[in-house]
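Peer 1: Take this structure first; my questions come after.
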Amino acid sequence: MSSHKSSKPLLALPGSYGIPFFSSIYDRLQFYYFQGRDKFFKTRADEYKSTVFRTNMPPGPFMAKDPRVICLLDAVSFQVLFDVSKVEKKDLFTGTYMPSTSLTGGYRVCAYLDPSEPKHAMNKKLLFSLLSSRHANFLPEFHATFAKLFDGLDEGVSGPKKTAEFNSLNDVSSFDFCCRAYFGVDPASTSLGTAGPAAVTKWLAFQLHPLLVVGLPKILEEIFLHTFPLPPFLVKSDYKKLYNYFSSAASKVLDEAEAMGMKREEACHNILFATCFNSYGGFKVFLPEIMKWVGQAGEPLHKRLREEVRSVVKADGGSVTVLGLEKMELTKSVVYEVLRIEPPVVYQYARAKKDFVLESHDASFEIKKGEMLFGYQPFATQDPKVFADAEKFVPDRFVGDGAAMLRYVYWSNGRETDAPSEGNKQCPGRDFVVLVGRLLVAEFFVRYDSFTVEVGTSPLGSSVNITSLTKAT
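First residue of the sequence shown? That's 1 in full-length UniProt numbering, and the numbers climb one at a time after it.
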């Protein structure tokens with residue numbers, strides 16, 4: 001590595017892992033309770049005067065064997081997490097711990113596979129095929145399912161409480177939409193009925209509980225959520241209901257998987273995970289964030305959005321179309337800005353597969369083979385050396401020449417200007433997620449002029465209550 005040429009000084013990595021076992025527990029308490037997530041990283045970056053440093057990451061003992069990571073907090077160093085020539089992603093989807101494969105039918109699903117593993121390409125190819133074959137259904141199914149959500153908003157705001165819980169309505173609509181868009185089978189018409197969202201939420205909790213703070217007394221959360229894994233058998237019946245739905249509804253996809261040489265059962269567990277964790281789990285977080293940021297921006301932004309949306313929709317014959325969405329420059333920018341300022345996945349991990357030199361904005365550091373790299377995405381995508389007013393929500397940030405800055409938007413486990421492929425770990429549904437975000441904004445402002453929100457927190461992100469709605473005039 002001494003032959004590495006860089007204009008940036010080669011520095012020793014700052015930071016410390018402290019005393020084994022005890023320091024990782026101390027850091028966990030600081031992270032979850034005494035400092036909180038953002039302050040935890042900021043105080044260390046300030047102390048070390050570096051955006052790259054050593055630290056421990058939760059959950060630590062006894063959930064994770066090794067909590068030690070090299071933390072990356074700037075837009076330059078963060079990008080190494082996408083470089084499959086330098087890092088691997090095997091079993092790192094959730095970080096320093098991996099949930100039991102009993103939660104996924106005994107299989108390591110695609111999210112936990114490194115691109116170097118043969119099954120990764122096969123699984124990702126199947127997901128690309130699914131998205132391609134069903135793309136014509138995305139807009140009509142969104143319109144149908146989210147019309148019910150909007151009806152629910154109307155009922156809530158006009159009801160006794162004068163407010164509507166967006167998250168709970170979104171949970172139902174997003175699950176129905178994912179199932180209908182991908183497979184054309186309404187869950188309510190099957191034995192799964194309306195139990196899907198609750199079953200998925202419980203299943204997600206059993207995988208993510210080491211990373212969650214849910215409001216219980218600290219001692220209870222530490223014992224039951226952060227120290228030992230919850231036993232998978234407690235969610236077995238819920239998972240079985242979901243599996244039965246997917247084994248039937250996704251039969252055409254599973255036929256294709258078998259033709260590709262995959263085991264039908266393994267393919268079904270992968271499709272279930274991609275739909276329920278990646279797609280639905282993402283929309284549980286992402287769509288409330290859109291409503292939060294657009295709602296808080298107020299009438300000036302609402303006016304610009306409704307004028308843009310309605311002008312394009314009118315020119316397209318009165319319906320929201322794919323081509324029309326591409327013409328909505330402000331709408332596109334708003335969705336990207338939400339993904340930048342509050343990415344739905346905040347943690348990204350990778351392990352060095354060889355020795356190399358890592359660069360930040362102003363320094364370089366030696367990384368050894370086997371070391372764990374961790375990126376906290378909100379700091380990387382709010383890097384003040386890259387974005388002006390980085391901590392502010394700027395709706396038109398990516399309009400016009402601003403689109404060039406999309407290379408620093410990383411929510412999909414890759415640059416927004418890169419293309420997901422079988423050989424990388426970028427989200428195969430990247431374009432689908434962006435499309436759904438645009439659809440929410442467009443369909444909303446076809447129906448409404450403006451709205452107000454009350455924002456709180458939830459274990460997975462933001463909770464949003466709609467406190468007023470002004471119908472389209």
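Note that beta-carbon positions come from the ideal geometry of N, C-alpha and C, so glycine has one too.
With DSSP as the reference, please indicate the residues paired to W411 in a beta bridge.
Peer 2: Paired residue(s): G414.
Peer 1: From Y182 to L126, what distance separates their C-alpha atoms?
Peer 2: Cα to Cα, Y182 sits roughly 12 Å from L126.
Peer 1: Where does the unbroken beta strand (DSSP E) through V436 begin, and where does it stop?
Peer 2: Premise fails: V436 lies in the alpha helix (DSSP H), 430 to 447, not in any beta strand (DSSP E).
Peer 1: Report yes if the C-beta distance between V464 and M291 is below 8 Å; otherwise report no.
Peer 2: Cβ distance < 8 Å, so V464 and M291 count as in contact.
Peer 1: Can you tell me which residues form a DSSP beta bridge with A164?
Peer 2: In DSSP, A164 forms a bridge with I466.
Peer 1: When the Cα atoms are used, what is the spatial distance from V87 to G414?
Peer 2: Spanning the two alpha carbons is a distance of roughly 13 Å.
Peer 1: Using the C-alpha atoms, what's the distance from F34 back to A250?
Peer 2: Going from the Cα of A250 to the Cα of F34 covers about 46 Å.
Peer 1: So, using beta-carbon positions, are V394 and E337 closer together than 8 Å?
Peer 2: In this structure, E337 lies closer than 8 Å to V394 by Cβ.
Peer 1: Check whether the Cβ atoms of A75 and Y97 lie closer than 8 Å to each other.
Peer 2: No, they are not a contact pair.
Peer 1: Could you name the residues of the same chain whose beta carbon sits closer than 6 Å to that of N270, not counting the 5 residues immediately before and after it, in chain order?
Peer 2: Contacts found: V109, C110, N123.
Peer 1: Between E289 and E342, how many whole angstroms is the CB-CB distance? I'm expecting something under 8 Å.
Peer 2: With a Cβ gap of about 5 Å, E289 and E342 count as contacting.
Peer 1: Give the DSSP-derived three-state secondary structure of T452 in the structure shown.
Peer 2: Residue state, collapsed to three classes: strand.
Peer 1: Let me know the secondary structure DSSP gives A188 once reduced to three states.
Peer 2: In the structure shown, A188 sits in a helix (DSSP, three-state: H, G or I).
Peer 1: Which same chain residues, not among the five before or five after G184, have their C-beta less than 7 Å away from its C-beta?
Peer 2: Answer for G184: N137, listed in chain order.
Peer 1: Pick helix, strand or coil for V320, following the three-state DSSP scheme.
Peer 2: The answer is coil: DSSP assigns V320 none of H, G, I, E or B.
Peer 1: Taking the alpha helix (DSSP H) that E19 falls in, what are its first and last residues?
Peer 2: Per the sequence shown, the amino acid found at residue 19 is Ile instead of Glu. I19 -> no alpha helix (DSSP H), and no H or E assigned at all.
Peer 1: Would you mind stating whether L406 and L81 have Cβ atoms separated by less than 8 Å?
Peer 2: No, they are not a contact pair.
Peer 1: To the nearest whole angstrom, what separates the beta carbons of I466 and F444, a pair I think is in contact under 8 Å?
Peer 2: Not quite, the Cβ-Cβ distance comes to about 10 Å (not below 8 Å), so this is no contact.
Peer 1: Between which residues of its own chain and H361 is the CB-CB distance below 6 Å, once the five residues before and five after are set aside?
Peer 2: Hits under 6 Å: D74, V76, K385.
Peer 1: Does the separation of the CB atoms of E258 and S129 fall below 8 Å?
Peer 2: Not closer than 8 Å, so no.
Peer 1: Under 8 Å between C-beta atoms, does S237 make it to chain C?
Peer 2: The displayed structure is made up of one protein chain only, and chain C is not part of it.
Peer 1: If I measure Cβ to Cβ from L11 and keep anything under 8 Å in the same chain, skipping five residues before and after, which residues do I get?
Peer 2: Excluding residues within five positions, the ones whose Cβ falls inside 8 Å are S50, A363, S364, F365.
Peer 1: Given a threshold of 16 other Cβ atoms within 10 Å of its Cβ, counted over all protein chains shown, does G60 qualify as buried or as exposed?
Peer 2: Per the 10 Å Cβ criterion, buried.
Peer 1: Only counting the same chain, and skipping five residues up and downstream in sequence, which positions put a Cβ closer than 7 Å to that of A390?
Peer 2: Correct list, in chain order: Q382, D383, P384.
Peer 1: How close, in whole Å, do the beta carbons of S333 and R397 come, if the pair is a contact with beta carbons under 8 Å?
Peer 2: That pair is a contact at about 6 Å.
Peer 1: Leaving out the 5 sequence neighbours to the left and right, which residues in its chain are closer than 8 Å to E141 when beta-carbon positions are compared?
Peer 2: The residues are F177, R180, A181.
Peer 1: Determine which residues share a DSSP beta bridge with R68 and list them.
Peer 2: R68 is bridged to N56.
Peer 1: Is the beta carbon of residue 482 sitting closer than 8 Å to the one on Y26?
Peer 2: In the structure as shown, the chain starts at 1 and stops at 473, and residue 482 therefore has no counterpart that could be examined.
Peer 1: Classify M1 as buried or exposed, calling it buried when 16 or more other Cβ atoms lie within 10 Å of its own Cβ.
Peer 2: The predicted position of M1 is uncertain, since its pLDDT is 47 and thus under 50; a value taken from the coordinates is nonetheless stated next. Answer is exposed; the Cβ neighbour count stays below 16.
Peer 1: Helix, strand or coil, according to DSSP, for S2 in the structure here?
Peer 2: Any reading at S2 must be qualified, since the residue scores a pLDDT of 46, below 50, and its modelled position is unreliable; the value itself is stated next. Reduced to three states, the DSSP call for S2 is coil.
Peer 1: Alpha carbons only, please: which of L460, T470, A472 is nearest the one belonging to V214?
Peer 2: The option with the nearest alpha carbon to V214 is L460.
Peer 1: List in chain order: all unbroken alpha helix (DSSP H) runs of 4+ residues lying wholly within the region 135 to 182.
Peer 2: Within the region 135 to 182, the complete alpha helix (DSSP H) runs of at least 4 residues are 138 to 158.
Peer 1: Measuring alpha carbon to alpha carbon, tell me which residue in G429, G95, S7, F53 is nearest Q348.
Peer 2: Measuring from the Cα of Q348, the nearest candidate turns out to be G95.
Peer 1: What's the call for L440, buried or exposed, on a 16-neighbour Cβ count within 10 Å?
Peer 2: The residue in question, L440, is buried, as its Cβ has 16 or more Cβ neighbours within 10 Å.
Peer 1: In terms of DSSP beta bridges, what is L11 paired with?
Peer 2: DSSP lists F365 as partners of L11.
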